[in-house]
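Take the sequence shown: its letters are residues 4 to 235, numbered as in the numbering used here. Beta carbons: idealized from backbone N, C-alpha and C, even for Gly. The structure appears right after this line, and notes come after that.
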Amino acid sequence: MSIKGFQGTSLLDFPGRIASLVFWGGCNLTCPFCHNPALVLDPDAWPDLDAEVLLADLADRAPFIDGVVVSGGEPTLHPTLADWLTRVKKLGLAVKLDTNGLRPDVLAELLALGLVDCLAIDLKTSPDRYAELHAGPVDNNLLVASIRLALAAPVTVEFRTTCVPGIVDAPAIHALGQLIRGAPRWALQQYHPAPALDPAWRELAPYSAEKIAELAAIARQYVQEVVVRGVV
Ligand code: SF4
C-alpha cells in the first residue's frame with residue numbers, strides 16, 4: 004500500500020461531483036514540469052497512510068461526498084489498487100482515475116472490473132517526444148493503447164494537456180488530436196512553473212492566454228469539446 008496523501012473534500016477535481024482525493028506515491032515518468040515532485044522522486048520519504056483508516060474515513064464521508072479521485076504520482080503502478088478500489092466502490096462512491104496512460108494492462112483490468120466511473124488521461128506531448136519526459140526509455144505504444152481503451156470505454160473520459168512551453172506546441176496538439184479524434188473532451192491547462200520537478204523549469208514563462216487560445220483552436224478540430232483551465 005502506498006497511499007501518501009489525502010484531501011477530504013474537493014469540488015474541483017471530479018467534475019460535477021464532491022470528492023475526496025487520494026494521492027499514490029511513485030511514478031514511471033519524471034516529467035521536468037511535474038507539480039508533485041516529492042511524490043515522484045522520493046515517495047518513501049512520505050509515510051504510507053493506513054488503508055483501513057482511510058477507508059473508514061471515506062465511509063464516514065460517504066453521505067456527503069459523491070466519489071473519490073485517485074491520483075499521484077501514478078496510481079496504476081500499485082498492485083493493490085484494484086482491491087482498494089473494489090472496497091471504495093462498495094461504499095457506494097464513484098471513482099475518478101487520473102493516469103498518465105502508460106499502464107494500459109492495468110487500465111483494462113480496472114475498466115473490465117467496473118472500478119472506474121471517470122477516466123482522465125494526461126497527454127504530455129506528441130507520443131514521439133515522450134522520451135523527453137524521462138531519463139529511461141518510454142514505450143509510447145503504451146499510451147496509444149490506453150487512448151484506444153479510453154475511447155471505447157463506457158465511462159466519462161477526459162484527456163488533459165498541460166501547455167508547457169517547449170513541450171506542447173501546435174505540431175504536438177495536431178499529433179495528439181489525430182490520436183484522440185472524436186473524443187468527448189480535451190482539457191488544455193495553463194502551465195504554472197513554481198513547483199516544477201526540475202528547478203530549471205521553475206523559471207519557464209507560461210504561454211500567454213492568446214497562445215493557449217491558439218492551441219485550443221487547433222484542438223477543437225479533433226474533439227467534441229475543448230475546455231481551457233488555469234489561464235488568468
Ligand atoms: S507529471 Fe504526472 S506523469 Fe509526470 S512525473 Fe509528475 S506525476 Fe508522473
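Secondary structure at S23: strand, using DSSP grouped into helix, strand and coil. Assignment of beta-bridge partners to E161 by DSSP yields A123. Note that the stretch 25 to 32 touches the stretch 70 to 80; at least 3 beta-carbon pairs, one per stretch, sit closer than 8 Å.
Two segments are said to touch when three or more pairs of C-beta atoms, one from each, lie closer than 8 Å; by this definition the stretch 199 to 209 touches the stretch 35 to 44.
Less than 8 Å separates the beta-carbon of Y225 from that of G180.
Listed in chain order, the non-local C-beta contacts of V234 below 7 Å within the same chain comprise Q193, A212, I215, local neighbours out to five positions each way being set aside.
Under the 8 Å Cβ criterion, the stretch 46 to 64 does not count as touching the stretch 100 to 116, having fewer than three qualifying pairs. In this structure, the alpha-carbon of A62 lies about 6 Å from that of L94.
Pairing D45 with N39, the inter-Cα distance amounts to about 10 Å. In the structure shown, D101 falls within a strand segment according to DSSP collapsed to helix, strand and coil. In its chain, beyond the 5 residues on either side, I21, S23, I68 have a beta carbon closer than 7 Å to the beta carbon of T12. Using a Cβ distance threshold of 8 Å, L100 and A173 do not count as a contacting pair. When DSSP reads this structure, F9 sits in a beta bridge with V25. Put simply, the backbone Cα of V119 is about 29 Å away from that of A48. In terms of side-chain proximity, the C-beta atom of V167 is found no nearer than 7 Å to any non-hydrogen atom of the ligand SF4. DSSP places Q181 in the helix class (H, G or I) of the three-state scheme. Assignment of V171 by DSSP, reduced to helix, strand and coil, places it in the coil class. The straight-line gap separating the alpha-carbon atoms of I6 and L58 is approximately 12 Å. For the options L105, N103, V98, L15, the alpha carbon positioned closest to that of T159 is the one of V98.
In terms of Cα proximity to G117, the closest of A85, I221, L191 is A85. G70 is bridged by DSSP to A22, A97. Counted as a single uninterrupted DSSP element, the beta strand (DSSP E) harbouring L191 occupies residues 189 to 193.
Listed as beta-bridge partners of R232 by DSSP are Q192. Apart from the 5 residues on each side of it in sequence, W204 sits with its Cβ closer than 7 Å to the Cβ of P35, F36, P196 in its chain, given in chain order.
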